[in-house]
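J.:
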Amino acid sequence: MLRFPAVAAGGVRWSVLGVAFAKKYEEKLDARAVGAPSAFDAVHRLLWPHFVVVNPAEKEDPLIYAADDVVMTARSGFAGTWPGYYKELHDLVSLCGGSHRGVTWLLASQIKRLSGKRSGKFAEGASWDYYMADGRVARIRHMKRLLALLLELR
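Residue numbers (this note's numbering): 468 to 621.
Put into structure tokens, the structure is as follows:
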């Protein structure tokens, strides 16, 4: 679930999770196979309290999102924790950035080094394999693209 950036804002549909699951494991994601009468019940049994359903009325295709405490901690390689990465970036700019005419800034080339000094997740590289909202796989391999995606997601 944390490979979906949408899990932090807006949510991920069970059906989209099923598409990604089938691509990765070559097996259908079936709520009944795990002993749940519906997808809603499967989410509650398997993922609660870290992930919750936004719309419990939609039992067969619920919208799932992650709890705030899950996404606010940046985890290497997990695009669903982008709010944690964004917070880390904000903190780096606030603490280490320069100021000119009321604007605080930080060169992108300094982010990885400064993050490493603070044991941050940016120091571990700007590489994400993640799922887009429709279940397709996307990849980021460069800091510039990661920064652009963070700005897009916020």
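Just so you know, even glycine gets a beta-carbon here, dropped at the ideal spot from N, CA and C. Quick caveat, the model's predicted, so the values are computed rather than measured.
Would you call the region 500-516 and the region 538-553 touching, i.e. three or more CB-CB distances under 8 Å?
T.: Too few Cβ pairs lie closer than 8 Å, so no.
J.: With a cut-off of 8 Å, do at least 3 Cβ pairs link the region 485-501 to the region 557-569?
T.: With the cut-off at 8 Å, the region 485-501 and the region 557-569 do not touch.
J.: Considering only the alpha carbon of each residue, which of Y492, A605 and M468 lies closest to W481?
T.: Answer by Cα proximity: M468.
J.: Does the beta-carbon of L484 have 16 or more other beta-carbons within 10 angstroms, so that it is buried, or is it exposed?
T.: Flag for L484 reads buried.
J.: Ordered along the chain, which non-local residues of its own chain (more than five positions away) have a Cβ less than 6 Å from that of R621?
T.: Cβ within range, chain order: Y553.
J.: Output needed for M610: all residues of its chain with C-beta closer than 7 Å, excluding positions within five of it in sequence on either side, in chain order.
T.: Result list for M610: A575, I578, K579 and A593, in chain order.
J.: For A605 versus V538, is the C-beta distance shorter than 8 Å?
T.: For A605 and V538, no; Cβs fall outside 8 Å.
J.: Report all residues from its chain with a CB closer than 7 Å to the CB of L616; omit the five preceding and five following residues, and keep chain order.
T.: I607, listed in sequence order.
J.: Which residues bound the alpha helix (DSSP H) around H557?
T.: W549 to C563 is the span of the alpha helix (DSSP H), which, as asked, contains H557.
J.: What does a CB cutoff of less than 7 Å around S543 pick up in its chain, not counting 5 residues either side in sequence?
T.: For S543, where only same-chain residues beyond five positions count, the Cβ hits under 7 Å are K588 and E591.
J.: Per DSSP, what are the beta-bridge partners of D596 in this structure?
T.: The partner list for D596 (beta bridge, DSSP) reads R606.
J.: Which term fits W549, buried or exposed, when burial requires 16 or more other beta carbons within 10 angstroms of its beta carbon?
T.: When all chains shown are included, W549 counts as buried.
J.: For a quick check, are the C-beta atoms of V520 and H511 less than 8 Å apart?
T.: Yes, these two residues count as a Cβ contact at 8 Å.
J.: Along the chain, where does the alpha helix (DSSP H) containing A575 start, and where does it finish?
T.: Looking at the DSSP string, the run of the alpha helix (DSSP H) that includes A575 is A575 to K584.
J.: Look up S505 in the DSSP assignment and say whether it is helix, strand or coil.
T.: S505 falls in the coil class under three-state DSSP.
J.: DSSP state of H517, grouped into three classes?
T.: In the structure shown, H517 sits in coil (DSSP, three-state: anything other than H, G, I, E or B).
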